[in-house]
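Reviewing the structure listed below.
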Amino acid sequence: DTAVSQTPKYLVTQMGNDKSIKCEQNLGHDTMYWYKQDSKKFLKIMFSYNNKELIINETVPNRFSPKSPDKAHLNLHINSLELGDSAVYFCASSQGSLAFPLSGEQYFGPGTRLTVT
Amino acid sequence: SQQGEEDPQALSIQEGENATMNCSYKTSINNLQWYRQNSGRGLVHLILIRSNEREKHSGRLRVTLDTSKKSSSLLITASRAADTASYFCATDLMDSSYKLIFGSGTRLLVRP
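These protein sequence lines map, in sequence, to chains G and A. Mapping the first sequence onto this note's numbering, position 92 (from 1) lands on 230, and the numbers just tick up by one. Mapping the second sequence onto this note's numbering, position 107 (from 1) lands on 108, and the numbers just tick up by one.
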């Protein structure tokens, strides 16, 4: 069984479009994350949710909006896509409480490669 | 600038040799973690070392942490072709920012 899954794996779209990436974890973890990995492999956190509550919101353009319908799901919606949004987006999860959301290891999904043309 | 910087950026060794990767960071941490990323895949957690620990082992992996120098090293012994991947260190900061900050990564190539 896949622990952290993301859909789609590849996403090719044109500038100006709106797209969503979905993430689900079946590990029973409390905390989920979205990361962006650029072409130089630099991985940067974008958002984190703990039990559906937003706890990390980095300086990400407000065209990016995460949504967590329940603690097993964290989706990422992107409006008005730009060329610079092309990257690989990773979802991750970890066990932890709101007081200690980063206790322990993170489990990553396989990534969604977004290409904006 | 980034919290974690890894050295070297790329490393090429022969199968059977040992591989050592280093990570330096800037601010105080709760723990430091190492992850592996195979090409086109997600990151996989390898090992976590807490700030009060100096060395940790897991199979062929040995991690050291020197908080006075703000540095860590990952040693892979008796490397195999399957160890070919990018390796990242990640720091859990002590400033309650709840962020895991990843380094720039070391690309390891193990030649058969």
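Beta carbons: idealized from backbone N, C-alpha and C, even for Gly.
The criterion of a C-beta distance shorter than 8 Å is not satisfied by Pro-146 (chain G) and Arg-42 (chain A).
Contacts between Ser-73 (chain A) and chain G, judged by CB atoms closer than 9 Å, are missing: the closest CB pair is about 16 Å apart.
The Cβ-Cβ distance between Leu-66 (chain A) and Arg-55 (chain A) falls below 8 Å.
When DSSP states are grouped into helix, strand and coil, Asp-84 (chain A) belongs to the helix group.
Assignment of Leu-33 (chain A) by DSSP, reduced to helix, strand and coil, places it in the strand class. Cβ neighbours of Leu-181 (chain G) within its own chain (closer than 8 Å, five residues either side excluded): Tyr-173, Lys-174, Gln-175 and Phe-228. Using a Cβ-Cβ distance cut-off of 8 Å, the region 152-163 of chain G and the region 210-230 of chain G are in contact, since at least three pairs of beta carbons, one from each stretch, lie closer than that value. Residue pairing by DSSP places Phe-202 (chain G) opposite G:Ile-216 in a beta bridge. Inter-segment contact for the region 77-91 of chain A and the region 19-31 of chain A is present: three or more beta-carbon pairs are separated by less than 8 Å.
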